[in-house]
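Enquirer:
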Amino acid sequence: MFELVDVVHRYRAVPAVAVPHWRVGQGEAWLLSGPSGCGKSTVLHLLAGLLVPTYGAVRVAGVDLGALSEGARDRWRGRTVGLVPQRLHLVGPLTVRDNLRLAQSLPGLTVDDDRITALLEAVHVADLQHRYPRELSQGQAQRVAVARAVVNRPALLLADEPTANLDDAHAAQALELLRAQAVEAGATLVVASHDNRVKPLLSFAYSLPVTLASAA
Amino acid sequence: MTLTRLAFAYARRRPLSTLLVVILLAIGVAVVALTLIVSRELEEKLTRDAQGIDLVVGAKGSPLQLVLAGVYHVDVPPGNIPLASVATLRANRMIASVIPVSLGDSFRGYRIAGTEPAFIEHYGATLREGRLWDRPMEAVLGSAVAQASGLHVGATFTGSHGLAEGGGEHKEAAYTVAGILAPTGSVIDRLVVTPLDSVWAVHEAHHAGAAKDEDEHREVTLALVRFASPLAAAGLARSINKETELVAASPAYETARLLTVLGFGVDLVRVFALLLMAASGFMLLVALSQALEDRRYDLAILRTLGASRRKVAWVLLVESVMLAAAGTVLGLLFAHLGAYAIGTWLPQAAPLATAAYRWLPEEWAVVALALGAGILAALWPAWRAARLDVAATLADG
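Chains as they are written, first to last, in the working numbering: chain R, 1 to 216; chain P, 1 to 397.
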């Protein structure tokens, strides 16, 4: 599904991350692990096309992201990638439903209200659809953030530290939600985490090598 | 979910800051638009009142004072001129018509103008009620005078000495209302018009023992002159001023001079209002810059959802223009309502109530200026939003 080949990404001339080779198949669920600061989030951003590697190639679903213009990468990202950020951030002035509608309209897709309704029901927040993010609990916000990430049926679902600050029960629930929605959307799942509780719940793991930056 | 709706949602999320920016801009727009409406109305009114009067001939003194007294009826005339000079003017082949006017008294603040029927014809006034005078001490009321006083045909009233309220009343000489004029929108609406004989009769009765019925001793205050041909404009005023004891003042010239003086004050008010608009533009810039800081993570999320740099910048630009548009609409509404209120409450400014319904072409410039301020204010925050480092923002949390 995606492949990183000889990828090095430098941040202010210092290597922030290095991935010699990582290949992932369609529909697989992966843990991207490594100590804090080793560049897990950077790899997610490379896979999402938010960053372009200094060296090497990132190919997702047959597309070499480095070959796309920035505008094309933006459109591609909106249609192909779902990202659940660590802060589960939802757009504050919009209701739950409008957050999902925004995710469909920004990459130029037609807003599909039936899909949104079905998805909100699937993640058990249909009754919260007219609420604003500030009115949601952490768990509810997480469900909405996952729903927003999969609303466009992405080929690749990325989650950054989804179990941070969660107890065991909630951590398991969060991962199950991601896995279930990835399966439902037919997406490849990559979870970046340094949480040891995550590893047994995902099929594959890739451990990032320590870079100069993280070693320092 | 359009970006415009998102921009609206952001604006609604900061009600206080949004309201302050909109109100400040609205005040600036309102003051600029109101000065436009008032100055346009003033110019048109001055032009309308002076229409068809090429010269005002009166006693030696300030030409501007003569025009203000004789055409606009807002100042005290410099003095009187012999009635004989009216005949002299009429004999001049360069002059088409001469209308003598005698001023000096008033009725409840409205001036009593002793004159001839040609005065009423000059302003295109028609009788709404009654008839024209056919003897001394009969008067025709302008529409505003009739409305304010409530007098009807057949009623009597007395004039007061002087041109303002509070002068001694001529109780011994009462006028009878012979007719009431229909509104014209010109100065005659605010005048009491009577034959010259009435004014002479009132003052001869007042100054008992003065010479009576001797035309050669009679005076009028001024004469409104119309040229027989445009050629007269070149030298007639100069020859009157040089060769006689009279002053000939051109209403067109004096009005232009007056507007230049008034225009300076109007320009000052406009500069102040433009500064207000600039201040509101600056406040918009500060509010958007602050909002940008508050929304960095939001904007980063928009980028992860597929928004291009341009779209992210567009959200801020649309929000700014939306606030500017709201301030503009509100400001224009304030200006027109203000003009209507002034026109309704102040009888002297009554035409403003009608002008309030009119859209001036210059108001488009105000709209463009306000929206331009909105666009300018958004440029810097929008550029910064477009340059946002998404990965770093997401990583910083």
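Cβ coordinates follow ideal geometry from the N, Cα and C atoms, glycine included.
Bear in mind that the values here come from a model prediction, so they are computed numbers and not experimental data.
Buried or exposed: which applies to residue 152 of chain R, given that a residue is buried once 16 or more other Cβ atoms fall within 10 Å of its Cβ?
Expert: Taking the first residue of the first sequence as position 1, residue 152 of chain R is located at position 152. Counting Cβ neighbours within 10 Å, residue 152 of chain R comes out buried, since at least 16 surround it.
Enquirer: Which residues mark the beginning and the end of the alpha helix (DSSP H) in which residue 100 of chain P is found?
Expert: Position 100 of the second sequence, counted from the first residue, corresponds to residue 100 of chain P. Per DSSP, residue 100 of chain P belongs to no alpha helix (DSSP H); it is in the beta strand (DSSP E), 95-107.
Enquirer: If you run the structure through DSSP and keep just helix, strand and coil, what is residue 53 of chain P?
Expert: Here residue 53 of chain P is taken as the residue at index 53 of the second sequence, counted from 1. Here residue 53 of chain P sits in coil by DSSP.
Enquirer: Who are the Cβ neighbours of residue 400 of chain P in its own chain at under 8 Å, not counting the five residues just before and after it?
Expert: Outside the shown range of chain P (1 to 397) lies residue 400 of chain P, about which nothing can therefore be said.
Enquirer: Whole angstroms is fine: what's the gap from residue 134 of chain R's alpha carbon to residue 381 of chain P's?
Expert: As a position in the first sequence, residue 134 of chain R is number 134, starting the count at 1. As a position in the second sequence, residue 381 of chain P is number 381, starting the count at 1. Near 25 Å, if we compare the C-alpha coordinates of residue 381 of chain P and residue 134 of chain R.
Enquirer: Cβ closer than 8 Å: which chain P residues qualify as neighbours of residue 41 of chain R?
Expert: As a position in the first sequence, residue 41 of chain R is number 41, starting the count at 1. In chain order: 391, 394 and 395.
Enquirer: Does the distance from the C-beta atom of residue 248 of chain P to that of residue 100 of chain P stay below 8 Å?
Expert: Within the second sequence, numbered from 1, the residue matching residue 248 of chain P stands at position 248. Within the second sequence, numbered from 1, the residue matching residue 100 of chain P stands at position 100. Not closer than 8 Å, so no.
Enquirer: Helix, strand or coil for residue 144 of chain R per DSSP?
Expert: Within the first sequence, residue 144 of chain R is the residue found at index 144, counting from 1. Looking at residue 144 of chain R - three-state DSSP - the assignment turns out to be helix.
Enquirer: If contacts are defined as beta-carbon pairs under 8 Å, then residue 370 of chain P and residue 38 of chain P qualify, I think. What distance do you get, rounded to the angstrom?
Expert: The sequence position of residue 370 of chain P within the second sequence is 370, counting from 1. The sequence position of residue 38 of chain P within the second sequence is 38, counting from 1. Not confirmed; about 19 Å, so no contact.
Enquirer: Does the CB of residue 85 of chain R have a neighbour CB from chain P at under 8 Å?
Expert: Position 85 of the first sequence, counted from the start, is the residue given in the question as residue 85 of chain R. Yes, residue 85 of chain R lies at the interface with chain P (some Cβ there is under 8 Å from its Cβ).
Enquirer: So with Cβ pairs under 8 Å, would you call residue 29 of chain R a contact of chain A?
Expert: Looking for chain A here will not work: the only protein chains present are R and P.
Enquirer: Taking Cβ to Cβ, would you say residue 163 of chain R is nearer than 8 Å to residue 193 of chain R?
Expert: As a first step, residue 163 of chain R must be located in the first sequence, where it is residue number 163. As a first step, residue 193 of chain R must be located in the first sequence, where it is residue number 193. Closer than 8 Å, so yes.
Enquirer: If we count the other Cβ atoms within 10 Å of its Cβ and call it buried at 16 or more, is residue 104 of chain R buried or exposed?
Expert: Indexing the first sequence from 1 puts residue 104 of chain R at position 104. Buried.
Enquirer: Going straight from the alpha carbon of residue 416 of chain P to that of residue 384 of chain P, what length do you get?
Expert: Nothing can be reported for residue 416 of chain P: it is not among the residues displayed for chain P, which extend from 1 to 397.
Enquirer: Compare the C-beta of residue 19 of chain P with all C-beta atoms of chain R and state if any pair is closer than 8 Å.
Expert: On the second sequence, position 19 is the one that residue 19 of chain P refers to. No, its Cβ sits nowhere closer than 8 Å to a Cβ of chain R.
Enquirer: Quick one, are the C-beta atoms of residue 378 of chain P and residue 317 of chain P less than 8 Å apart?
Expert: Translated into positions along the second sequence, residue 378 of chain P becomes position 378. Translated into positions along the second sequence, residue 317 of chain P becomes position 317. The answer is yes: Cβ separation under 8 Å.
Enquirer: Who are the Cβ neighbours of residue 347 of chain P in its own chain at under 7 Å, not counting the five residues just before and after it?
Expert: As a working mapping, residue 347 of chain P is identified with position 347 in the second sequence. These residues qualify, in order along the chain: 144 and 148.
Enquirer: DSSP three-state label for residue 187 of chain P, please.
Expert: Working through the second sequence from its first residue, we reach residue 187 of chain P at position 187. It is helical.
Enquirer: Give me whichever residues DSSP pairs with residue 160 of chain R in a beta bridge.
Expert: Taking the first residue of the first sequence as 1, we reach residue 160 of chain R at position 160. Beta-bridge pairing links residue 160 of chain R to R:192.
Enquirer: Quick check on the DSSP output: the alpha helix (DSSP H) that includes residue 45 of chain R runs from which residue to which?
Expert: Numbered from its first residue, the first sequence carries residue 45 of chain R at position 45. First-last of the alpha helix (DSSP H) with residue 45 of chain R: 40-47.
Enquirer: Does the segment 32-43 of chain R come close enough to the segment 89-102 of chain R that 3 or more CB-CB pairs lie under 8 Å?
Expert: Touching, no, given that fewer than three Cβ pairs across the two stretches are closer than 8 Å.
Enquirer: Are any of the Cβ atoms in chain P nearer than 8 Å to that of residue 179 of chain R?
Expert: To locate residue 179 of chain R, count along the first sequence from 1; it is residue 179. Taking Cβ atoms only, chain P never reaches closer than 8 Å to residue 179 of chain R, which makes this a no.
Enquirer: Hey, which unbroken runs of the alpha helix (DSSP H) at 4 residues or more fall wholly within the segment 77-159 of chain R?
Expert: Runs found: 96-105, 113-122 and 138-150.
Enquirer: Which partner residues does residue 78 of chain P have in the DSSP bridge list?
Expert: Position 78 of the second sequence, counting from 1, holds the residue named residue 78 of chain P. In the DSSP output, where bridge partners are listed per residue, residue 78 of chain P has none listed.
Enquirer: Counting contacts by CB-CB distance shorter than 8 Å, is residue 91 of chain R in contact with chain P?
Expert: Within the first sequence, the letter at position 91 stands for residue 91 of chain R. Interface residue, yes.
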